[in-house]
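Residue numbers (my numbering), protein chains in the order written: chain A, 1 to 415; chain B, 1001 to 1415.
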């Protein structure tokens, strides 16, 4: 089975919004064996929507549409779809009820616009929007499935994960596609690719490999395609085992796991607690950790000590060490880690101190220079990195590297 | 004049790469008055490329193509274009010379693949690639301009900025497009749209309006289109002034500004400092603030007090208040704000305490319930919000709301 994605919204065509929805959907559909043949972005105009739907149904079995479902007048997708499928809008009681509860919860009042959100084309199957007010719509016509979703990424993802992907999985063909993603941390892409050259050359024909680099993390994606699912699973698992022998210290997770999630599971397993002291990462490590539901079980808290004074006053870092070695140094970052561990009385601690940029670099310590320390109470391990020129990238790379260093410390791996 | 963008590459269709090139190009073209009518992403297949070009030239005056120009076998755009325009590939001496210098500079050797990079379709005008090896190509046929560029963002941007945009500017029509974006914070989209209904209905015909919602922030985008640029600028500025009178307490920034950036500028202007105490936002407020270069000038630091103990020990919150009112309460969040202000000796402080979810809610305090406090040392202001069910959204909404509350406090606006 194949699909086309249509994203609707002037904000995409004037370059105000980067369409991240399409890549997310394409990735998810791919995982259940549905090929994406085209992605089209069009404006909020009825004629454009009609033309795009006409074009799409000639090629695709499934047409996924996002955007244009808001309550304001520039959002016309629902009306356009009703007209395209030659039906009329009728009020859906279930949706109305949901919208009412949604509005009341936020201590707001129902108005005409909210009520209109509950109008849906009569011939569609409604896809409930659990976290927003615009319902999704599922149409079937001329052997083609058309699914319309909100453009708000949160709402689209919830709808896809909980309603649409499970439905589509039931309908898919007998060609299986299996993906296995291996998360690695520590080496740049070119070094990793060179080291894995022989392994890559010897991959079975049914398996293809892709490198997916992002700041602080390189993902390896193995894709196996064929009719015999158990054979595909077997050859993928063989290759993962080979990788685990080749790069044991680089692998830090699998598939859609996040490092912060893997780390959280480890801390729960060993019943241990964690605190963080952040300078250059500015709260991002705490933010990553606390983005995981249930993190309050193991995360006691953190301190962002952006100024030297706060490193001394709150984390008890020795002033003379800051004066002598500078804030971005082995000596200071190790004292930060010990300081925060004592402050929060935790088993483990992470500390970062670096020059995120774009300014603040020197010849000796250029922008990107970062010291990271991890402590288990018995010993503090620290390491220096030089990331790059870009502030946002440096913050993210330092954060993921720090989380991975702690994971290695807990597992007794080589740093 | 109008344009279609075609991005070529399997990596986009399997969701491995987010297409950021299109938004960048669309924005640049828009600024010189060229409308983008469609963005299409297709795979590295000759038939798909032909079909996309056929479709594009029916609608567009200009077709911008990126991707598929690399030296590896999966890159077929150049060959496909030569066939589509019924011409043959010939070696271009200037390109060959450039590729040679490029390769030598990198201490590498010329190979057959490098040499083939200098082959170009005979009828095209070559667009030199100053920072890479794949040249751009400019074709004109049937009153339509076709421009092919590399997919590597750096190379595409260099080519656009230094060669293609200057050329297109000469050819463009006399229609001007002006955008103005107004950032608002505090009301949901439906309430805002209802309140602004009369204003929207009275907008001059040359202006169109769009609502762009995201967690914690609604953007209003005004677009004016016409021949007389100074008239367009005048009517847009009139409408912005009207909005500033209608919703003075909701506007928190303009155009591509971020709230954290606007706040930073204010703190620098008044030479004031800030610290944050975060519970439910888990470090995200500190992360947003420190993502802005130069934030160390006004941001002293923050504390993430995830446990009640740390609220008492580090922020000196009264234990009896936590026991009596709970951690998510006016009393506790106000003490957190004062506690962190004293700890970091700052002029202002922000504090948050809430139930981010998905679990932890009660009937009285459901998931999403959040108390936010801001303090200027003389007074603490606090407010309760009920955001929603989704952890990530709640964290982001609470963070932006808190930053905006502080902005209002500094400016003496109504909370």
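Even for Gly, the Cβ is constructed at its ideal location relative to N, Cα and C.
Residues of the stretch 1223 to 1239 of chain B whose Cβ lies closer than 8 Å to any Cβ of chain A, in chain order: 1223. When DSSP states are grouped into helix, strand and coil, residue 1415 of chain B belongs to the coil group. Between residue 1030 of chain B and chain A, the shortest Cβ-Cβ separation is below 7 Å.
Between the alpha carbons of residue 188 of chain A and residue 137 of chain A lies a gap of roughly 44 Å. Membership of residue 1165 of chain B in the alpha helix (DSSP H) is indicated by the continuous run 1165 to 1171.
DSSP places residue 375 of chain A inside the beta strand (DSSP E), whose first and last residues are 369 to 375.
Secondary structure in the stretch 292 to 331 of chain A: the alpha helix (DSSP H) runs of 4 residues or longer, each lying completely within the stretch, are 308 to 315, 319 to 325 in chain order. Sixteen is the threshold: when 16 or more other Cβ atoms of the shown chains lie within 10 Å of the Cβ of residue 401 of chain A, as they do, the residue is buried.
For residue 397 of chain A against residue 216 of chain A, the beta-carbon gap comes to about 4 Å, under 8 Å, which counts as contact. With contacts defined as CB atoms closer than 7 Å, residue 1310 of chain B and residue 385 of chain A fail to qualify as a contacting pair. Using a Cβ distance threshold of 7 Å, residue 183 of chain A and residue 1016 of chain B do not count as a contacting pair. The shortest C-alpha to C-alpha distance from residue 369 of chain A to any of A:192, A:359, A:358, A:387 is the one to A:387. Of the candidates B:1407, B:1044, B:1031, B:1407 places its Cα closest to the Cα of residue 1249 of chain B.
In the structure shown, residue 1256 of chain B adopts coil according to DSSP, grouped into three states. Per DSSP, residue 1138 of chain B is one residue of the beta strand (DSSP E) stretching across 1136 to 1141. Membership of residue 127 of chain A in the beta strand (DSSP E) is indicated by the continuous run 125 to 127. In the three-state DSSP reduction, residue 1224 of chain B falls in the strand class (E or B). In the DSSP assignment, residue 22 of chain A falls within the unbroken alpha helix (DSSP H) covering 21 to 31. Secondary structure at residue 179 of chain A: strand, using DSSP grouped into helix, strand and coil. Around the beta carbon of residue 1097 of chain B, fewer than 16 other beta carbons sit within 10 angstroms, so the residue counts as exposed. Annotation: residue 1338 of chain B to residue 1293 of chain B spans about 27 Å, alpha carbon to alpha carbon.
Around the beta carbon of residue 1295 of chain B, 16 or more other beta carbons sit within 10 angstroms, so the residue counts as buried. Taking 9 Å as the cut-off between beta carbons, the residues of the stretch 65 to 84 of chain A near chain B are 70, 71, 72, 73, 74, 75, in sequence order. In this structure, residue 1150 of chain B and residue 1113 of chain B do not form a Cβ contact; the two beta carbons are roughly 15 Å apart against a cut-off of 8 Å. At a Cβ-Cβ threshold of 7 Å, residue 5 of chain A and residue 52 of chain A do not count as neighbours. Every unbroken stretch of the beta strand (DSSP E) spanning 3 or more residues and falling wholly within the stretch 1010 to 1097 of chain B is given here in chain order: 1035 to 1042, 1062 to 1066, 1089 to 1091. With a cutoff of 7 Å on beta-carbon distance, residue 1316 of chain B and residue 1273 of chain B are scored as not near each other. Under the three-state reduction of DSSP output, residue 352 of chain A falls in the strand class. Under the 8 Å Cβ criterion, the stretch 121 to 131 of chain A counts as touching the stretch 71 to 90 of chain A, having at least three qualifying pairs. Secondary structure note for residue 1157 of chain B: its alpha helix (DSSP H) is the uninterrupted segment 1153 to 1159. Annotation: residue 162 of chain A is outside any alpha helix (DSSP H) and is labelled neither H nor E by DSSP. For the beta strand (DSSP E) assignment, the uninterrupted runs of no fewer than 3 residues enclosed by the stretch 191 to 221 of chain A are, from N- to C-terminal side, 207 to 214.
According to DSSP, residue pairing for residue 381 of chain A in a beta bridge involves A:374. If the five residues before and after residue 206 of chain A are omitted, its C-beta is found closer than 7 Å to the C-beta atoms of 224, 225, 226, 232, 235, all from its own chain and listed in chain order.
Taking 7 Å as the cut-off, the beta carbon of residue 1130 of chain B is found no closer than this to the beta carbon of residue 1094 of chain B. Taking 8 Å as the Cβ-Cβ cut-off, the stretch 293 to 305 of chain A approaches chain B at 293, 294, 295, 296, 299, 300, 301, 302, 303, 304, 305, given in chain order.
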